[in-house]
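If you read the sequences in order, they're chains A, B and C.
Take the first sequence: its letter number 84 is residue 304 in the working numbering, and every next letter is one higher.
Take the second sequence: its letter number 53 is residue 1163 in the working numbering, and every next letter is one higher.
Take the third sequence: its letter number 50 is residue 109 in the working numbering, and every next letter is one higher.
One structure is given here, and the rest of the page talks about it.
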Amino acid sequence: MIDKPRIGVYVCHCGKNIAGVVNVEDVAEHVRNMAGVIVAKDYRYVCSDPGQDMIKKDIRDYQLDRIVVVACSPRLHEPTFRRVLEESGLNPYLLEMVNIREQCSWVHMDEPDKATEKAKDLVRMAILRSQLLEPLEIKEVKVLKSVLIVGGGVSGISAALDLAEMGFKVYLVEKNESIGGHMAQLDKTFPSMDCSICILGPKMVEVARHPKIKIISHADIVRVEGYVGNFKVKIRENPRYVISDRCTGCGECQEVCPIEYPNEWDINLGVRKAISVPFPQAVPSVYRINIDYCLQCYKCVEACGAREAIDFGQKPKETELNVGAIIVAIGFEPYEPYQLKEYGYGTYQNVITNIEFERLINAAGPTEGKLIRVSDMKVPHRIGFIQCVGSRDERIGHIYCSRFCCMSAIKQARQIKEKLPEAEVYIFHTEPRTFGKGFEAFFRKTREYGVSVVRGRASKVLEDPETGNLTVFVEDLSLGKPVEVEVDLLILSVGMSPPKDLESLSRTLRIPRDPDGFLLEAHPKLRPVDTHTAGIFLAGACQSPKDITDSISQAKAAAASVAALLSRGKIRVESMIAHVNQDLCIGCGLCQEICPYQAMTIQNKKSKTIPALCGGCGTCASTCPEHAITMKHYTNKQILAEVVTAFQR
Amino acid sequence: MNYALFFGCVIPTREPSYEASLRAVFKELGVDLIDLDKATCCAPIPIESLDFKTSLAIAAYNLSLAEEANINIMTICNGCFQVLSKANKTLKENETLRTDINKILAEVGREYKGTVDVVDYLQVLHNDVTPERIKENISKSLNKLRVAAFYGCHVLRPSSVLNFDNPEHPHILDDLIELTEAKSVQYMHKTKCCGGLLRGISDDLASKLARNKLFNISNSKADCIVTVCPFCFLQLDVGQLDVRRRFNETYNLPVFHYPELLGLAMGIDPEKLGLKTHRISTESVLKKIE
Amino acid sequence: MAEEFEPKLIAFTCNWCSYAGADLAGVSRMQYPPNVRVIRLMCSGRVDPIFILEALKRADGVLVTGCHIGDCHYVSGNLHAEVRVKLVKKALEMVGLEPERLKLEWISASEGEKFARVIKEMVDQLKKLGKNPLRDG
């Protein structure tokens, strides 16, 4: 520790943001004569270039070795000012920032005097702490040039291809048998009206063929350990009872299999065999036996013949992957509207969801693209769409907008009109949200096809027990009165929900969830694909509901972020780590027990930190019974210095 | 098993057969019903919008009578069920309101303590007496009968307070009807409101809603209607005369209160059930089930 | 008119959740009483019982905040914080100090409103409890 620190204090006005409430000149004046303070100034915008230059000049002119910046939250500008110190030849950890904006001027706007007093206390705390700050070692570690992508939907596929093309090794882990996600289930995409699987299929094949990409499907993430640049991930591949390397995807086993069961991929509208792939374009095209339905009649084994790809004794296989970064792209689940009893889903046979509709209208679907009512196989003549099912609804706690469903309904309405030009089609919206490129034009064109848009939120649906037709009760906001519309088929445009296993996955990955249950990004405006955990990124609907275009944009952003992180081959690691005083340590091993990073080892009956693994939480320091552990940058002395002066003027 | 019978004001004055049939049936089934001396009108639904505290005080007054007798309340009118249940729940949960209401009740020497529950007679039949016991008491099968069940609104909603049955797809009344081996038919817009409470405010709309209901029930080829609410009964029984006048449509659909139907299946004399007091003759049904 | 008692509150926050939540309260311009002095730590698990005890010699109340259980940025730091605060509370009871003077709250980065509310509520409660007898000597 330096005996006589030379401290520079800079109190920022931040325009009127701080100076409008806190008397910044007074604050500077209050600390000007404190021990060790060489210079104390106030300045309009300390983070600006001239502000930064001023600090650099003062460091030179006054030989300052501690800088205290009194301004906004360190979470915003700590890196900025640490760089200023580095560029002036000082260790970046000799900086202390005081938050008198987010935690003072902005929250005590009606009490300027008290806010100023609080600011003075906070600056004093920082100055006493800064006297005890020490320079910390800046270390770099090598990073692995490989990435784990969790989730093989359109986002995962897009990020995988971009990263593989850049030369990184990519592991694409998917919990289902095939990659493709929900996009593979759709018939057409808006607004281009492309056949969904036709544009996705080639990408799926590219992923399978790419030498840099390894697909691990039908697998779950068990554990994630390590830190940025060096993650250790344990994966469990669930048994397919088919040996992947030997299966050629010929399908002869499927042909002879006598058992059929409802195909979840077809929303249980269609069936699949006990040994099958979920859909013809599945990637990898490795067949799977559903052991719950299989009779073990061995007909498939016979058909497989010399390839001998079937193995009833297959067990789950655990593998460990070492990667430098992780992208989470686990997507969404469609909301299941059983809860909304007034719409009768699950009770009335002719009420279906938009996803079920996609399978019905799809030429490769269970009805080969014929739009019929599954209840009686009749062709419907009047079709209705109810919007905002499971979205923008306080009753079920989903107040968010799912973003894709207005366009999806408009697209589906157009498809109906193309197949059944005489059909009456109604969309019951509160308002249509057609915000994207080409969306508004698509909407107008669809209306020209004769689709009726009724503005109003449907309140109730009742069934005619004889015909199975539905009557939709809605207040038509344009007419200003309630109307009843009878339809043969009712489609509920359900929104996106976070996937059910997101809760456990978020804990495994240490990513918190936002209030709606989706994964939390680092900053909603500036860092939508970063998380608070260095090295872990987000892409697609798992971060918040969005359509294919936006999912791909995010996937590309995440891929670019990963590339930026890993391209240099090395990155800086945490400097604020634990240090064990070998003289005081009694080798009890408590620190090793409680460390979540396995960063403590016992050597020669004493504990030592493994610097690259230490996360810097400090739990060991407060656990050690001998107070033998010093947490760099958060030592007991430094923290107690703040406590002691918090209210002592 | 005993309850305080709360029959409100419409039933004793305009539908004595509902009360008579209910007492007869419950006596046979071994449920003791006591009367609450000095009970008043429950505090009908419109009063809540005119003065919330007054409606709560009236309901609390009636609840306090049952509390004094240390007995739960059983209602036979949807309206009474909803009003008393809502008031009971509100006062049990809201300390401030409870204190305010008790100040009013103190003026007549009473106090609401929140010690009793309110149930509807359908719940008592289903949960306490149980379908098995009821079946044991049924001597006459009504298997030739097609019945259109109608729940009304105030026994189902607000579902979060009343917890009576699935508010959109209720089944308790259908189940109870089918204990007699009659068929409870599905008909168009079964759970839509009968329009009863619109009488006096918008007779045109009230008549239209009654007519729609009768029309839909008639299309389902039902022999009769079963109601559990005195207002629904009026709309659909006496209401048929109004509908004939306004729309020139005759339905001749007899309407029964549920205890009347059950009473017939239990072999109770139709005279004792008071069927002659109905406006639409019940002869067609009585002939059918002979 | 006697001057109203203004309690002094020291709050330990964690960088990833509660400190960020406090920042969000500021960004959202939620107002709360200026009685609190926030000390930023990396994790609530860093809170050593001696910090709490020293704080109670200078303030009327101590608030320890961190991430919700299961969401700790360092996996399990908050679990240790929970245990420690419970133990310190027991110790406080034994010396006759009101245990309400020490509070533990989990506040996530998206709970700006909660942070402001917790401060308001604790200041109100400390006003009722009065000056800490162990304070200032």
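We put the beta carbon where it would ideally sit given N, CA and C, even for glycine.
- If you check each beta-carbon in the segment 613-642 of chain A against every beta-carbon of chain C, none falls closer than 8 angstroms.
- A straight-line Cα-Cα distance of about 10 angstroms links A:N570 and A:P600.
- By the CB criterion at 7 angstroms, A:V289 and A:V266 fall inside the cutoff.
- When the five nearest sequence neighbours on each side are left out, the beta carbons in the same chain lying within less than 6 angstroms of the beta carbon of B:V1228 are those of I1183, L1194, S1195, N1198, in order along the chain.
- Listed as beta-bridge partners of A:W326 by DSSP are no residues whatsoever.
- Within the segment 1286-1299 of chain B, Q1296, Y1297, M1298, H1299 place their CB atoms closer than 7 angstroms to a CB of chain A, listed in sequence order.
- With fewer than 16 other Cβ atoms from the protein chains shown falling within 10 Å of its own Cβ, A:C418 counts as exposed.
- A:V863 has a beta carbon lying within less than 7 angstroms of a beta carbon in chain C.
- In terms of beta-carbon proximity, A:K519 stays away from the interface with chain B, with every pair separated by 7 angstroms or more.
- In the three-state scheme derived from DSSP, where H, G and I count as helix and E and B as strand, A:G490 is classed as coil.
- Spanning the alpha carbons of A:G585 and A:D486 requires a straight line of approximately 7 angstroms.
- A Cβ-Cβ distance of about 6 angstroms is found for the pair A:V453 and A:L368, placing them in contact under the 8 angstroms criterion.
- With a threshold of 7 angstroms between beta carbons, A:D734 makes contact with chain C.
- The criterion of a C-beta distance shorter than 7 angstroms is not satisfied by C:I178 and C:A118.
- Take A:R730, set aside five residues on each side of it, and the residues of its chain with a beta-carbon closer than 6 angstroms to its own are T753, in chain order.
- Contacts with chain A at 7 angstroms (Cβ-Cβ) include C:P93.
- Secondary structure note for A:A260: its beta strand (DSSP E) is the uninterrupted segment 257-263.
- Between A:N319 and A:L356 a beta carbon distance of about 21 angstroms is seen, past the 8 angstroms cut, so the two are scored as non-contacting.
- Under the three-state reduction of DSSP output, A:S827 falls in the strand class.
- Runs of alpha helix (DSSP H) with 4 or more residues, each lying fully within the segment 419-498 of chain A, are found at 472-476, listed in chain order.
- Of the candidates B:S1394, B:K1254, B:T1387, B:T1387 places its Cα closest to the Cα of B:P1126.
- The DSSP-derived three-state label of A:Y854 is coil.
- Listed along chain B are V1295, Q1296, Y1297, M1298, K1300, S1330, each with a C-beta nearer than 9 angstroms to that of A:P685.
- Closer than 7 angstroms to the CB of A:L860 there is at least one CB belonging to chain C.
- In the three-state reduction of the DSSP assignment, B:T1150 falls in the coil class.
- Annotated as distal: A:C808 and A:C840, with beta-carbon spacing of 7 angstroms or more.
- Distance from the CA atom of C:A79 to the CA atom of A:H328, rounded to whole angstroms, is 17 angstroms.
- Here A:G271 has Y263, Y265 as same chain residues with Cβ atoms under 7 angstroms from its own Cβ, once five neighbours each way along the sequence are excluded.
- Here A:M345 is not near A:T850, since their CB atoms are 7 angstroms or more apart.
- Rounded to the nearest angstrom, the gap between the Cα atoms of A:A778 and C:G129 is 25 angstroms.
- The segment 1305-1312 of chain B and the segment 1272-1284 of chain B do not touch, with fewer than 3 CB-CB distances between them shorter than 8 angstroms.
- The beta carbon of A:E306 sits closer than 7 angstroms to the beta carbons of P312 from its chain, once the five residues preceding and following it are set aside; these are given in chain order.
- Between A:P816 and chain C, the shortest Cβ-Cβ separation is below 7 angstroms.
- With respect to the C-alpha of A:P641, the residue from A:R456, A:L591, A:M403, A:K389 having the closest C-alpha is A:L591.
- Going by DSSP, A:C232 is part of the beta strand (DSSP E) stretching over 227-232.
- Contact between A:I455 and A:I436 holds: their C-beta atoms lie close to 6 angstroms from each other, under 8 angstroms.
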